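Presented below is the structure to which this report refers.
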Amino acid sequence: MRGIILAGGSGLRLYPITRAISKQLIPIYDKPLIYYPLSTLMLAGIKDILIISNKEFIKLYENLLGNGHQFGINLEYKIQKQPNGIAEAFIIGEDFIGNDNVALILGDNLFYGQGFSDILKNAKNVSDGALIFAYYVKNPSNFGVVEFDQNFNVISLEEKPKKAKSNYVVPGLYFYDNNVVKIAKKITPSSRGELEITDINKEYLKMKKLKVQILGRGFAWLDTGTPEGLLEASNFVAAIQKRQGLYIACLEEIAYRNGWVSRKDLKKFGEELKNTEYGKYLLSFVSDGE
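According to full-length UniProt numbering, the residues represented by the sequence shown are 1 to 290, in order.
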């Protein structure tokens, strides 16, 4: 399976912060925002990842992450010329996807929870159809709402309904079989002039090939698309890391635990940053003999 991070868009809700920088490069506590969705794909065991962003920012992502080899992964980059919708990611990434299945995560979504890696690896096994996630919120009318039966088959999808049929909403993480490319090419722009991811999911629903996975009470899903969201996410990461002493979205650590980089590699990365808390954290794995 291949992975795509959509890090485009205009970021108008964060203006003027995003006047000169992509919102996915804004720090969430001690790391750039892009680290968090990238870590999610890595936790799923996905090594081939495409980052899609605006023309003016794509080089900044390349400077930050390179070809991904430091993290034991393969990174590629492509430009989204206009904010034409989430579903356009599959059209832009058609050659990258090839004959593989694909996972898509939005660049401003942060997930955290015990057992998340196991859930992701199970989702990665989708071979026929699509899998979306469901997260319980008190204000579902602000999001895309999903209704499903006791067997986790999706019954309906609604985008920001006035009267929601459930309290479960769809966060920005999706797993699809290879048919998603053909489906993306067939859908038409919405009234907003965008190719909507909801329309792709509705096509899988029509084919009765759309499943849902609940992210329960032990999970946190944070949308960082507003100033309040950025602050909440930074405070959340800071609290977890300070209390536990374990980092969220440390890409080098994930690569090491996945067996994608060696202890020698980890020591090298840590030595390069030994005067920072991040570098000391990496070196702790070498000294502790984990």
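Note that the Cβ used here is the ideal one computed from N, Cα and C, for glycine as well.
Computed from a predicted structure; not experimentally measured.
(1) By the three-class DSSP mapping on this structure, what secondary structure does Pro140 have?
(2) Identify every residue that forms a DSSP beta bridge with Glu76.
(3) Quick check: the Cα distance between Lys182 and Ile155, rounded to an integer number of angstroms?
(4) Is it the case that the region 117-125 contacts the region 188-205, given that we only count it when at least three CB pairs across the two stretches are under 8 Å?
(5) In the DSSP assignment, find the beta strand (DSSP E) that holds Gly229 and state where it starts and stops.
(6) Under 8 Å by Cβ, that's how I've got Val145 and Ser166 pegged, so tell me the actual separation to the nearest angstrom.
(7) Just the C-alpha distance for Leu60 and Ser287, rounded to the nearest angstrom, thanks.
(8) Would Tyr15 be called buried (16 or more neighbouring beta carbons within 10 Å of its own) or exposed?
(9) Would you report the Cα separation of Met42 and Lys268, rounded to the nearest angstrom?
(10) For Thr198, which residues in the same chain have their Cβ closer than 7 Å to its Cβ, ignoring the five residues on either side in sequence?
(11) Shortest alpha-carbon distance to Asp177 belongs to which of Tyr135, Met207, Ala134, Ser127?
(12) Closest to Gly225 by CA distance: which of Thr276, Phe90, Thr18, Ile49 is it?
(13) What would DSSP say about Asn67, mapped onto helix, strand or coil?
(14) So Gln82 packs on Ile92, CB below 8 Å; how close in whole Å?
(15) From Leu50 to Gly229, what distance separates their C-alpha atoms?
(16) Is there contact between the region 1-11 and the region 200-211, where contact requires at least three CB pairs shorter than 8 Å?
(17) Tell me the residue span of the alpha helix (DSSP H) that contains residue 298.
(18) Assign Lys206 to buried or exposed, taking buried as 16 or more other Cβ atoms, counted over all protein chains shown, within 10 Å of its Cβ.
(19) Cα separation between Lys163 and Ser141?
(20) Among the residues of its own chain, which have a CB less than 7 Å from the CB of Gln241, if the five just before and after it don't count?
Quick answer:
(1) helix
(2) Leu50
(3) 23 Å
(4) no
(5) Element bounds for Gly229: not the beta strand (DSSP E) but the alpha helix (DSSP H), 227-244.
(6) 6 Å
(7) 33 Å
(8) exposed
(9) 21 Å
(10) Gly144, Leu157, Glu159
(11) Ser127
(12) Thr18
(13) coil
(14) Contact doesn't hold; Cβ gap of about 11 Å is too wide.
(15) 25 Å
(16) no
(17) As shown, the chain starts at 1 and ends at 290. That puts residue 298 outside it, with no answer to give.
(18) exposed
(19) 7 Å
(20) Tyr247, Ile248
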